[in-house]
Amino acid sequence: MTTDAPREDLLAGLSFPPGFVFGAATAAYQIEGAVDEDGRGRSIWDTFSHTPGRVFEGHTGDVAVDHYHRYRDDVALMADLGLSAYRFSVAWPRVLPEGGGRVEQRGLDFYRRLVDALLEAGVDPWLTLYHWDLPQALQDRGGWADRDTAARFADYAAVVVDALGDRVRHWSTLNEPMVSALLGHVAGEHAPGLQDPVAGARAVHHLLLGHGLAAARLREAGVADLGITLNFTPMRPASDAPADVDAARRLDGQQNRVFLEPVVHGAYPADVVADLEAAGAPLPVRDGDLEVIAAPLDWLGVNYYFENTVQAGPRPAGKGPSPFIGGHDVVELDPEGPTTTMGWGISPDAFTEVLLWLGERAPGLPLVVTENGSAWADEVDAEGAVHDPERVDYLVRHLAAVTAAVDRGADVRGYFAWSLLDNFEWARGYAQRFGLVHVDYATQRRTVKDSGLLYAELLRRHRERA
Ligand code: IFM
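Below is the structure:
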């Protein structure tokens with residue numbers, strides 16, 4: 008790898024507390040490939056991506072970036088970059104091909120090998136149990152809309168911790184339950200591709216219940232560093248008009264608060280409960296569930312990408328169905344100013360605000376930025392370099408946003424860039440590149456981008472200061 012730091016000192020002024028964790032993140036279905044190997048069962052994303060019209064140009068995760076076979080090289084790359092930590096997810100259908108019952112040791116062995124390679128390379132593994140790849144067998148029995156899936160998730164957690172608990176210290180239950188529940192069951196934009204608000208509300212609750220039940224099993228197995236990862240998007244009203252203010256409240260409720268509040272305070276926000284009931288899609292809460300969901304945590308994972316401005320009014324057809332229950336009368340406005348290739352705006356100040364807001368909403372709970380990053384149209388040039396000035400700019404400004412939050416008292420303990428590698432960006436396929444490392448999908452060749460080099464330089468300076 009070329010290690011020349013970019014000439015201009017973009018990192019001046021960026022300084023993080025001693026012990027601050029710097030890593031990069033990925034997820035199983037986005038990188039592993041090898042979908043038919045070693046007894047892996049099908050996941051809802053195999054089904055979804057193979058359904059015509061669901062994913063950009065019919066892309067699938069069948070091969071992805073072949074990490075299943077190239078994990079040793081990828082770990083070496085992480086060590087070269089100087090990452091102190093790596094956040095990855097375990098594919099539930101590799102471990103339990105039918106969702107429950109028979110355990111596939113070959114699937115667990117892959118993660119044992121991966122974790123051993125990470126530890127040998129001095130990279131601390133941060134394991135996420137669920138990053139959206141539900142076994143299809145469980146979907147066939149109702150998926151997250153069915154309460155039993157929460158119990159199956161806890162059983163799966165117990166199997167994984169039994170296999171890896173001796174070598175993985177940092178555990179997370181779910182990644183972005185908002186996306187699983189609402190993009191998957193209300194907008195139909197993600198697997199399982201439903202447009203069913205009732206199923207969406209049920210999925211919200213059962214994912215959170217699964218989190219709580221799994222947390223208990225992980226604690227029983229001795230896990231002492233446990234979190235959940237939620238994605239936060241500030242919702243700004245387009246004006247002071249009461250209808251816009253209420254639209255922002257409703258979307259903020261379903262995007263942010265309906266996940267945060269039960270996890271940290273053991274109660275759903277009353278306004279969201281009322282909104283969902285009014286939409287005919289109630290949360291199926293039973294006695295005792297909220298105590299389970301509010302299991303004590305050691306940290307909260309924060310994924311942040313952009314903010315939204317919202318306006319009351321009919322949603323234009325071109326926008327597609329809203330992921331929010333009853334959201335047909337709210338429009339998320341197109342961002343003003345530059346956007347990434349995802350069409351997302353760039354708002355580092357809102358990132359600082361989210362971290363400070365979480366400090367108030369979840370006092371005493373350390374925060375870890377488990378994802379932050381941006382997609383751009385990167386290419387390898389004739390010299391074999393990938394110049395990605397927009398990602399460099401996004402990275403530097405968002406790291407500065409973290410330091411600003413820390414300076415103002417937010418207890419942020421780490422930052423994981425999304426993503427280590429270019430990969431399968433769900434419904435957007437391989438057209439969106441988020442990696443610090445470019446992947447040529449024809450050859451699987453990895454090339455560290457300028458942003459990756461800059462990140463490596465930041466990490467080098469951070470280590471030197473420690
Ligand atoms: O690629 C995703 C990731 O899987 C979850 N968080 C957002 C990323 C970018 O869309």
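In this note's numbering, each residue carries its 1-based index in the sequence shown increased by 7. Idealized CB from N, CA, C, for every residue including glycine.
Check your understanding: Hey, quick one: how far does the alpha helix (DSSP H) through Y311 stretch, first residue to last?
Key -> Taking the first residue of the sequence shown as 1, we reach residue 311 at position 304. Segment: none, Y311 is in no alpha helix (DSSP H) and carries neither H nor E.
**Study point:** Rounded straight-line distance, which links the Cα of A83 to that of A128
**Key:** Looking up residue 128 in the sequence shown gives position 121. Looking up residue 83 in the sequence shown gives position 76. Distance between A128 and A83, taken at the CA atoms: about 7 Å.
Check your understanding: Do you know offhand how far N430's Cα is from G459's?
Key -> Position 423 of the sequence shown, counting from 1, holds the residue named residue 430. Position 452 of the sequence shown, counting from 1, holds the residue named residue 459. Going from the Cα of N430 to the Cα of G459 covers about 15 Å.
Review point. For the putative contact between V317 and M242, defined by C-beta atoms under 8 Å, what is the C-beta separation to the nearest angstrom?
Key: Counting from one through the sequence shown, the residue named residue 317 turns up at place 310. Counting from one through the sequence shown, the residue named residue 242 turns up at place 235. 5 Å between Cβ atoms; contact.
Point to revise | Enclosing beta strand (DSSP E) for A92 [first to last residue] | key: In the sequence shown, residue 92 corresponds to position 85, counting from 1. For A92, the enclosing beta strand (DSSP E) begins and ends at 92-96.
Practice item. Name the two residues that bound the continuous alpha helix (DSSP H) containing E268. Key: Within the sequence shown, residue 268 is the residue found at index 261, counting from 1. In the DSSP assignment, E268 falls within the alpha helix (DSSP H) that extends over 265-272.
Check your understanding: So, is H76 buried or exposed, given that buried needs 16 or more other C-beta atoms within 10 angstroms?
Key -> Against the sequence shown, residue 76 aligns to sequence position 69. That one is exposed.
Review point. Taking the alpha carbon of D45 as the point to measure from, which residue in G65, L220, E111 has its own alpha carbon closest?
Key: The sequence position of residue 45 within the sequence shown is 38, counting from 1. With respect to the C-alpha of D45, the residue from G65, L220, E111 having the closest C-alpha is E111.
Practice item. Using the Cα positions of D336 and A286, report the straight-line distance between them to the nearest angstrom. Key: Translated into the one-based positions of the sequence shown, residue 336 becomes position 329. Translated into the one-based positions of the sequence shown, residue 286 becomes position 279. Approximately 12 Å, taken between the alpha carbons.
Review point. CA-CA distance, V361 and Y422?
Key: Stepping through the sequence shown from its first residue, residue 361 is reached at position 354. Stepping through the sequence shown from its first residue, residue 422 is reached at position 415. About 14 Å.
Check your understanding: Would DSSP call Y448 helix, strand or coil?
Key -> One-based indexing of the sequence shown puts residue 448 at position 441. Three-state DSSP puts Y448 in coil, outside helix and strand.
Check your understanding: Grouping DSSP H, G and I as helix and E and B as strand, with all else coil, what is V130?
Key -> In the sequence shown, counting from the first residue as 1, residue 130 sits at position 123. Coil at V130, not helix or strand.
Point to revise | Residue from A248, A412, L88 with nearest C-alpha to L21 | key: As a working note, residue 21 is residue 14 in the sequence shown. The shortest C-alpha to C-alpha distance from L21 to any of A248, A412, L88 is the one to A412.
Exercise for review: Check whether the Cβ of N263 lies closer than 8 Å to any heavy atom of ligand 1, and answer yes or no.
Suggested key: On the sequence shown, position 256 is the one that residue 263 refers to. Checking every heavy atom of ligand 1 against the Cβ of N263, none is found closer than 8 Å.
Practice item. Have a look at G325 and G350 and give me their C-alpha separation to the nearest angstrom. Key: The count along the sequence shown starts at 1 and reaches residue 325 at position 318. The count along the sequence shown starts at 1 and reaches residue 350 at position 343. Rounded to whole angstroms, G325 to G350 spans 14 Å at the Cα level.
Exercise for review: Could you tell me how far apart the beta carbons of G30 and A86 are, in whole angstroms, since I believe they sit closer than 8 Å?
Suggested key: Residue numbering aside, residue 30 sits at position 23 when the sequence shown is read from its first letter. Residue numbering aside, residue 86 sits at position 79 when the sequence shown is read from its first letter. 12 Å between Cβ atoms; not a contact.
Point to revise | Extent of the continuous alpha helix (DSSP H) run through V167 | key: Translated into the one-based positions of the sequence shown, residue 167 becomes position 160. Boundaries of the alpha helix (DSSP H) harbouring V167: 155-171, taken from the DSSP string.
**Study point:** Distance between beta carbons of G333 and E196, contact taken as under 8 Å
**Key:** Counting from 1 along the sequence shown, the entry for residue 196 is found at position 189. Counting from 1 along the sequence shown, the entry for residue 333 is found at position 326. So it is not a contact: roughly 17 Å between Cβ atoms.
Practice item. Classify G355 as buried or exposed, calling it buried when 16 or more other Cβ atoms lie within 10 Å of its own Cβ. Key: Here residue 355 is taken as the residue at index 348 of the sequence shown, counted from 1. The amino acid occupying residue 355 in the given sequence is Pro; Gly does not appear at that position. Burial is judged here by how many other beta carbons sit within 10 angstroms of a residue's own beta carbon; P355 has at least 16 and is buried.
Review point. Relative to the alpha-carbon of A6, which residue among P104, A319, R404, G436 has its alpha-carbon at the smallest distance?
Key: It is not possible to answer for residue 6, since the shown part of the chain is limited to 8 through 473.
Point to revise | Residue ranges of each alpha helix (DSSP H) within the region 366-414, 4 or longer | key: DSSP runs (the alpha helix (DSSP H)) wholly in the region 366-414: 396-414.
Exercise for review: For the alpha helix (DSSP H) holding G459, just list the boundary residues, first then last.
Suggested key: Within the sequence shown, the letter at position 452 stands for residue 459. First-last of the alpha helix (DSSP H) with G459: 457-472.
Point to revise | Local conformation of E196 per DSSP, three classes | key: Here residue 196 refers to the residue found at position 189 when the sequence shown is read from its first residue. It is coil, neither helix nor strand.
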